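Take the position in the sequence shown, starting the count at 1, then add 168; the result is the number in this note's numbering. Every residue, glycine too, gets a C-beta built ideally from N, C-alpha and C. The structure displayed is predicted, hence computed values, not measured ones. Take a look at the structure below.
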Amino acid sequence: MGVSSYLEFVTTLFGWIIYQGIWAVLVDTGIVFIPLIATVVANIASSHRAGEDEGSAGKQSLKKNEVDLYMMFAVMIFAAIPVLDVELTEMDYVKPALECGTSSVTVDGNDTDTTYDRTLATISGQTGGIPIWWALAHVQSKGFTAASIAAIPCAPDLASVEYRLANDGIEDPNLSEEIKEFTDDCYRRSKSRLMRSDTSALTPAQLEDTNWLGSEYFLATSGYYNRYYAQNPQSLFPFSPTRDAGFDADAVSGGHPLCTEWWADSSKGLRQKVLDSIDPDLLNDMVYGTGNLVSESTTTSLTRTEREDVFLRKYLAINRARERMNVDAPLSVGYQQNSIDNAQRLWDRGEAISLNGAINMGMHFVGDVARTTSAVVGAAAKAPEALGEAYMIRQGVSMFQALALMIFIIILPLLLVFSSFKASTLLTLTIIYFGIHFMSMLWAVAYWIDNNLMTMMTTGARLGIFEAAASPVQSGLIIWMQRFLYIVFPVMYLSGLGWIGINTGRLASGVEGFGGKAAAPGAVGGAALGKVGSAVVTKGEA
């Protein structure tokens with residue numbers, strides 16, 4: 169018996185163990201026979217209410233009982249009585265190869281190599297019972313769902329990048345302060361100088377490169393990082409009388425390196441400091457390891473240094489988003505095109521929500537800022553929390569499916585008994601059972617869309633999920649799309665299943681009432697003929 173997640177090992181075995189126990193209680197207490205007795209009594213009463221017609225009432229009652237009891241016994245034997253064993257030794261989980269570069273893996277229920285093994289050990293010796301109908305439904309549902317998932321193209325697991333980078337933020341306050349100083353002393357000055365100059369000769373790739381701290385253009389082009397320097401002394405850089413002339417008072421505290429040296433020095437530069445502060449496992453997974461995410465998300469072959477720069481660009485952008493409220497919240501303000509263009513221009517220039525930033529924004533759209541700034545800043549402030557929420561939703565949906573299946577299995581014998589073992593109810597329950605299993609397919613589709621959403625929504629798709637142009641507003645929109653994919657989409661699907669179940673029940677009710685509706689015209693006709701016959705006999709006399 170196959171399952172769709174590690175938790176489903178526990179919930180499936182536990183559910184059928186409880187099912188077998190509840191069915192035994194229903195049989196021992198005689199409750200399971202109440203629907204049979206009630207059906208016989210109802211048919212006899214219905215025949216007597218219809219009146220005598222030369223003994224046809226008895227025959228009609230017998231036929232009704234015969235048909236109804238045959239149907240009830242068929243449902244009971246095939247879909248209610250647990251006759252097949254459910255054991256952990258016969259259960260396995262085939263992990264689908266949704267991520268590119270991976271292959272499907274079969275996990276044995278006896279040894280999942282997860283924390284679930286402890287719980288499974290407590291129930292592994294027990295055996296559940298499953299009816300033949302539901303065993304077939306389980307196999308068909310899992311097989312159909314697995315085949316459907318196999319048709320989905322693979323996708324690298326990129327949707328978790330934002331969360332993982334935000335969760336591994338820069339915790340060293342000294343390093344954070346140094347990044348802020350570099351941003352103010354080097355990047356903002358260079359960006360401002362670039363925007364004041366003629367940029368028509370620059371290629372789109374060069375302009376895109378100037379949107380982050382480690383811009384190769386600023387590092388290699390004269391007049392930018394080689395022009396500006398650290399305003400405050402940096403203790404790791406020795407004081408140089410020639411370079412640091414005028415800062416003699418800082419001779420003991422440290423030197424004032426040029427921005428090129430401050431960023432790119434291989435041992436004490438800011439770039440290397442940031443790399444050293446990051447979790448090695450995260451770096452290996454995204455930059456250094458075979459099949460790293462940076463390589464998979466880009467369309468070009470990159471060297472080790474280029475991969476590091478692509479990663480750092482995204483990493484620094486995510487960490488800056490954690491402090492948008494007092495650093496540099498990008499103001500995507502208003503719906504007018506001028507406001508949008510001006511806001512994007514200020515974002516590209518790295519303007520801050522400061523006195524100068526407020527003045528610049530006011531020059532472009534005075535009234536528009538007041539209406540929308542608070543919403544954008546709020547989106548930026550909530551971004552890390554929302555990222556974590558979205559990641560938890562994505563990781564927890566399979567647990568919801570496992571728990572839903574367990575509850576369905578546990579209450580299944582009661583539903584069958586309370587519905588008097590009707591075939592129409594069995595059909596509805598089978599549709600629902602299949603539908604819950606098929607939710608794995610919906611979440612596999614959501615996984616594919618989720619992992620391609622960032623590339624589709626950001627303008628610079630060259631770097632895929634590591635494109636640094638994504639602002640907190642764009643990230644917030646992606647998060648809401650994730651909620652739709654993993655929550656709203658399945659709810660809509662379940663609503664559709666409910667509609668099918670309701671209509672199935674109405675159809676069955678119509679079939680059951682068809683005999684009464686067909687008899688109504690005959691009854692009316694019989695009454696009319698009776699009146700005519702009475703008039704003939706009495707010749708119209710009262």
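Can you tell which of 661, 306, 360 has the C-alpha that lies nearest to the C-alpha of residue 391? 360
To the nearest angstrom, how far is the alpha carbon of residue 356 from that of residue 483? 19 Å
Let me check understanding here. Comparing Cα to Cα, which of 665, 239, 620 lies closest to residue 466? Selected option, being the one with the closest Cα: 620.
Which residues mark the beginning and the end of the alpha helix (DSSP H) in which residue 449 is found? 448-451
For a quick check, are the C-beta atoms of residue 299 and residue 242 less than 8 Å apart? Remark: C-beta atoms of residue 299 and residue 242 do not approach each other more closely than 8 Å.
Just checking, does the region 423-441 make contact with the region 386-406 on the three C-beta pairs under 8 Å criterion? yes
Do you know offhand how far residue 378's Cα is from residue 340's? Distance between the alpha carbons of residue 378 and residue 340: 26 Å.
In terms of residues, what are the limits of the alpha helix (DSSP H) holding residue 377? 372-377
Can you tell me whether DSSP reads residue 254 as helix, strand or coil? strand
Endpoints, the beta strand (DSSP E) within which residue 298 is located: 296-298
Is the number of C-beta pairs between the region 256-265 and the region 592-604 that are closer than 8 Å three or more? Contact between the region 256-265 and the region 592-604 is absent, with fewer than three C-beta pairs closer than 8 Å.
Excluding the five sequence neighbours on either side, which residues of its own chain have a C-beta within less than 6 Å of the C-beta of residue 603, listed in chain order? 665
Does DSSP put residue 160 in a helix, a strand or coil? Since the first residue of the chain shown is 169 and the last is 710, residue 160 is not available in this structure.
Between the region 423-443 and the region 363-377, do three or more beta carbon pairs fall short of 8 Å? no
Start and end of the alpha helix (DSSP H) containing residue 196? 174-196
Close-in-space but distant-in-sequence residues of the same chain around residue 317 (CB under 8 Å, 5 per side omitted): 264, 266, 608, 609, 612
Identify, in the order they occur along the chain, each residue of the same chain with its Cβ nearer than 7 Å to the Cβ of residue 358, setting aside the five sequence neighbours on each side. 386, 392, 393, 396
Taking all protein chains shown into account, decide if residue 448 is buried (16 or more other Cβ within 10 angstroms of its Cβ) or exposed. Taking all protein chains in view, the Cβ of residue 448 is surrounded by fewer than 16 other Cβ atoms within 10 Å, so the residue is classified as exposed.
Are the beta-carbon atoms belonging to residue 206 and residue 566 less than 8 Å from one another? no
Residue environment, residue 454, which counts as buried when at least 16 other CB atoms sit within 10 Å: buried
Top-ranked residue by Cα proximity to residue 197, from 585, 649, 605: 585
Since residue 179 and residue 570 should fall inside the 8 Å C-beta cutoff, what is the C-beta to C-beta distance between them, to a whole number of angstroms? 4 Å
Is residue 283 helix, strand or coil when you go by DSSP? Residue state for residue 283 is assigned as coil, using DSSP reduced to three classes.
According to DSSP, residues forming a beta bridge with residue 603: Residue pairing by DSSP leaves residue 603 without any beta bridge partner.
Do the CB positions of residue 312 and residue 431 come within less than 8 Å of each other? no
Leaving out five residues before and five after residue 188 in sequence, what residues of the same chain have Cβ atoms less than 6 Å from its Cβ? 250, 296, 297
State the start and end residues of the unbroken beta strand (DSSP E) segment that holds residue 274. 273-276
Return helix, strand or coil for residue 381, following the three-state DSSP convention. It is coil, neither helix nor strand.
Considering Cα atoms alone, identify which of 384, 283, 175, 280 is closest to residue 481. Out of 384, 283, 175, 280, 384 has the C-alpha closest to the C-alpha of residue 481.
Out of 195, 185, 325, point me to the one whose CA is closest to residue 614's CA. 325
The alpha helix (DSSP H) with residue 399 in it runs from where to where? It is not in any alpha helix (DSSP H) - residue 399 carries neither H nor E in the DSSP assignment.
Smallest Cα separation from residue 601: which of 302, 291, 245, 322? 302
Between residue 401 and residue 418, how many whole angstroms is the CB-CB distance? I'm expecting something under 8 Å. 4 Å
Since residue 170 sits in a beta bridge, which residues does DSSP pair it with? 260
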